[in-house]
Structure formats: structure tokens, C-alpha cells
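In the working numbering, the protein residues as written are 39 to 375. Idealized CB from N, CA, C, for every residue including glycine.
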Amino acid sequence: MRGLMIRLVVLGLAIGLWASPVGAQSVLELAKKEGKVVWYSSLGLSLAQKVCDVFNKKGLGVTCELNRDGSERIFQKVMQEAGANLWIADVVHTSDISHFLDFKAKGMLAKYAPAGSERFRPEFRDRDGFYAVLRGTPYVMAVNTQKVAKAEAPRRWKDLLDPKWKGKLVHAHPGYSGVVVTGMTGLLGAFGWDYYAALAKNNPLVVQSAEDPPMKVSGGEAWVGVAGEYNFYRAAKKGNPIEIVFPEEGVPFVSSANAIMARAPHPNAARVFTDFLFGKEAQQILVDDGLYVPNEEVSYAKDKRPLKEIKLLPAEPEEVLKRNEEIKEKFRELFGV
Numbered sequence: 039m040r041g042l043m044i045r046l047v048v049l050g051l052a053i054g055l056w057a058s059p060v061g062a063q064s065v066l067e068l069a070k071k072e073g074k075v076v077w078y079s080s081l082g083l084s085l086a087q088k089v090c091d092v093f094n095k096k097g098l099g100v101t102c103e104l105n106r107d108g109s110e111r112i113f114q115k116v117m118q119e120a121g122a123n124l125w126i127a128d129v130v131h132t133s134d135i136s137h138f139l140d141f142k143a144k145g146m147l148a149k150y151a152p153a154g155s156e157r158f159r160p161e162f163r164d165r166d167g168f169y170a171v172l173r174g175t176p177y178v179m180a181v182n183t184q185k186v187a188k189a190e191a192p193r194r195w196k197d198l199l200d201p202k203w204k205g206k207l208v209h210a211h212p213g214y215s216g217v218v219v220t221g222m223t224g225l226l227g228a229f230g231w232d233y234y235a236a237l238a239k240n241n242p243l244v245v246q247s248a249e250d251p252p253m254k255v256s257g258g259e260a261w262v263g264v265a266g267e268y269n270f271y272r273a274a275k276k277g278n279p280i281e282i283v284f285p286e287e288g289v290p291f292v293s294s295a296n297a298i299m300a301r302a303p304h305p306n307a308a309r310v311f312t313d314f315l316f317g318k319e320a321q322q323i324l325v326d327d328g329l330y331v332p333n334e335e336v337s338y339a340k341d342k343r344p345l346k347e348i349k350l351l352p353a354e355p356e357e358v359l360k361r362n363e364e365i366k367e368k369f370r371e372l373f374g375v
């Protein structure tokens, strides 16, 4: 019964209800003594900082300390720190869900289900309770509408293999971006490496982050780009000449997980912060920025295509993990970077 009361209080923290029995406040009180939570996140810097700022303004006595980087660099950083017996991160979030299978297999994650996560769709939860999907985005194409006439825009993934796009494409690197690793896993399942061998012949501009293609397409440096729908959506909302294309064959869905580390130096602050991340307030912040989230209490913009109306290509976490290194090595071989 006492355990149930503690979870109810933590749920109250997530939605802003502070009144609770004295005996059930131990998690928050211990979090206050810890003073801070260190969050490694691959969210865009401005968005991740906004989430932290909103949390800090709640006056809980716990400060969010953000360490923002690309997904693959975060993974490498966490593994290097673990190898040196350094435990700095309390909560880790990346765009490559396979990282969390790896972390879990190595015993690096604490078992913790965010308050309210029992209502999430199954695909947003780890069945063993070690992580939950914080946000997601379809992996799509987009065109610069000032460079590409509507009738000429690609509508299928294989349209990008047409020689007319040679030197006019932009693609992020899987060695840096977890979004690209997951997206490529889905496309490889549908088309195989022959597709990417043919795409490489069109000499795409290869950039680092999944945030880079929208900038290249917006500025006209590239006419067509491939990345997460979220990145293109945000660029289009700023008035850039971008049209998002959901290819007819379907699109992979990039699931970005979040978890508490087993040896988190601030474990109670990590629990309080994790419940906040999955509560309606923080989840709405992510939605307002253009993401899809597991919490169904949020409201989406009218110009946001409902996830249930998007044809998805399989990109299972286990397959992403299995093919992770293969994708990075083969991509470097084919694209020369």
C-alpha cells in the first residue's frame, strides 16, 4: 500500500497536484536533497532547454542540468563514461531506440515506468518497464517548392534514384543521427542495400544531424531532402518553401526513448523529472514543436497528419540494434564519408 501511495504522489507531481500524505512525499523530499537531475538528450537544443526551463520554474528544489548532443555521440559518451566507472547522467534520451536495448542488456537501466504510462499505446512502452518512448517522428522526404514544381516532386522512395536529382539531394549521416539509423533500417527492410547503392550514384550532399537537411532544402542548396518529418515540419512552419512528402510505399517511424540510468547519481530527482517529461505539460511542449508523443491528453495542430493515417514501414528496435554498425559502415563505404 505504501508503494502505491508513493506512485500516486509522483503522478501528482507530474500533473501539478502537490497535496499528499506526509509519508508519501519521500521521493520528492529525497529529490530536493539531491538538488539536480542531469539529462542527456538528443532533442533540439532550444526545445530541450525549454523543457528544462519549465521544469525548473516549478520550484521543486530540483534543477534540470541539460547535456545536449546527437544521439550517437550521447550513446558513445555514456558507454565511455561507464567504461571509466563514471556515472554522470541520471536520465538519457536519444533518437535511436536500439541504444536502450543495448543499455538494458548490459544492466545499465533502472526499471521505472513513468506515471500514467500504463495508458500509453504498447509501441510507446518497453514491455519490461525499463524505458518509454518520449517522442517520435516519421522518416520522410521534403522538397523546396521554389525549386521543384508540384508535378515533378518525388512521391515514392525510388523516385530519388532518378538521375535528374543528381547533386540536388541532401541526406544526414547515420554515424551521427539516430533518426537516420532507424529510418535506414526501415528502408533497408523494404528495398535492401541496392537502393542505397543507387542513391549514392546521385551524389547527395551528406550532412551530420537530422536537423541539417531542412536547412539545406530551405536555402535551396538542396532541392530534396530526407530526414524526420518533425525537422521539416518546423522549417515549414517558419515560412520556408518546404513541402513534406509521405512516400507511397510507407515511412519508418523513429521512436525516441528515455530512461533512468541504473547508477544515476540523483535517482529520486530522475524519477520526479521523468514523470514530468511524460506528463501532459511537457508532452504538449513537444507536440507544439511538431512531434508525436505517447500521452494522448495532448492536442495536435490541424495541419499535423494523424499518426493513424500514415502508412508505416517496420523498423523494430531489435532490428535497429542488429543492423546499427552495419548501416554506419556500409553508408561510409557507399557515400565516401
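W125 in three-state terms, based on DSSP: Residue state for W125 is assigned as coil, using DSSP reduced to three classes.
Chain-order list of residues whose beta-carbon lies under 7 Å from that of L237 (same chain, five-residue window excluded): Cβ within range, chain order: L198 and L199.
For S294, three-class secondary structure by DSSP: In the three-state scheme derived from DSSP, where H, G and I count as helix and E and B as strand, S294 is classed as strand.
I135 beta carbon less than 7 Å from that of S293: Taking C-beta atoms as the reference points, S293 and I135 count as a pair closer than 7 Å.
Check whether V210 and P251 have beta carbons under 7 Å apart: With the sequence shown as reference, residue 210 is identified as Ala, and Val is not the correct amino acid for it. Yes. Within cutoff.
Distance between beta carbons of S80 and H28, contact taken as under 8 Å: Given a span of 39 to 375 for the chain in the structure shown, any question on residue 28 remains unanswerable.
L83 Cβ short of 6 Å to the ligand NAP heavy atom set: In terms of ligand content, the structure shown is empty, and the ligand NAP therefore cannot be addressed.
Per-residue burial, K254 [other beta carbons within 10 Å of its own, 16 or more giving buried]: When all chains shown are included, K254 counts as buried.
Same chain, Cβ closer than 6 Å to F369, neighbours up to 5 away in sequence not counted: In chain order, P212 place their CB closer than 6 Å to the CB of F369, counting only its own chain and leaving out the 5 sequence neighbours on each side.
Close beta carbons around F141, own chain, < 6 Å, minus the five adjacent residues each side: For F141, where only same-chain residues beyond five positions count, the Cβ hits under 6 Å are L147.
Coil, strand or helix - K144 by DSSP: Three-state DSSP puts K144 in coil, outside helix and strand.
Within 7 Å, strictly: CB atoms of L351 and P290: The answer is yes: Cβ separation under 7 Å.
Inter-residue CB distance, T220 and E281 (contact presumed, cutoff 8 Å): Contact between T220 and E281 does not hold, since the beta-carbon distance rounds to 23 Å and is not under 8 Å.
K349 versus P160: straight-line alpha-carbon distance, rounded: Cα to Cα, K349 sits roughly 18 Å from P160.
CB contact flag (G167, A151, <7 Å): A contact, by the Cβ cut-off of 7 Å.
Where the beta strand (DSSP E) through W203 begins and ends: Segment: none, W203 is in no beta strand (DSSP E) and carries neither H nor E.
Spatially closest choice to V218 from G374, G277, V100 and R361, by CA coordinates: Ranking the options by Cα distance to V218, first place goes to R361.
Coil, strand or helix - Y233 by DSSP: Here Y233 sits in helix by DSSP.
Outcome for E371 when other beta-carbon atoms lying within 10 angstroms are tallied against a minimum of 16: So E371 counts as exposed.
Under the three-state DSSP convention, the category H137 falls into: DSSP, read as helix, strand or coil, puts H137 in helix.
C-alpha distance - R165 paired with D128, whole-angstrom precision: Approximately 21 Å, taken between the alpha carbons.
Backbone CA spacing between L207 and I323 [nearest angstrom]: L207 and I323 have their C-alpha atoms spaced approximately 31 Å apart.
7 Å Cβ cutoff met for A307 and E72: Yes, they are a contact pair.
Cβ-Cβ separation, D313 to A153 (assumed contact under 8 Å), whole Å: Contact holds; Cβ gap of about 4 Å.
Residues that A170 bridges to, as DSSP identifies them: The bridge partners DSSP lists for A170 are R163 and N296.
Three-state secondary structure (DSSP) of V100: Taken through DSSP and simplified to helix, strand or coil, V100 comes out as coil.
Three-way DSSP call (helix, strand, coil) for T220 in this model: Residue state, collapsed to three classes: helix.
Contacts around W195, its chain only, beta-carbon distance under 8 Å, and the 5 residues preceding and following it disregarded: By the criterion of a C-beta distance shorter than 8 Å, W195 is surrounded in its chain by M179, L225, A228, F229, Y233, P285 and E287, once the five residues flanking it on both sides are discounted.
Burial state of A260 (16 or more Cβ within 10 Å): A260 comes out buried.
Residue(s) in a DSSP beta bridge with H131: For H131, DSSP records a beta bridge to S79 and N296.
Bridge partners - N105, DSSP secondary structure assignment: Paired residue(s): Y78.
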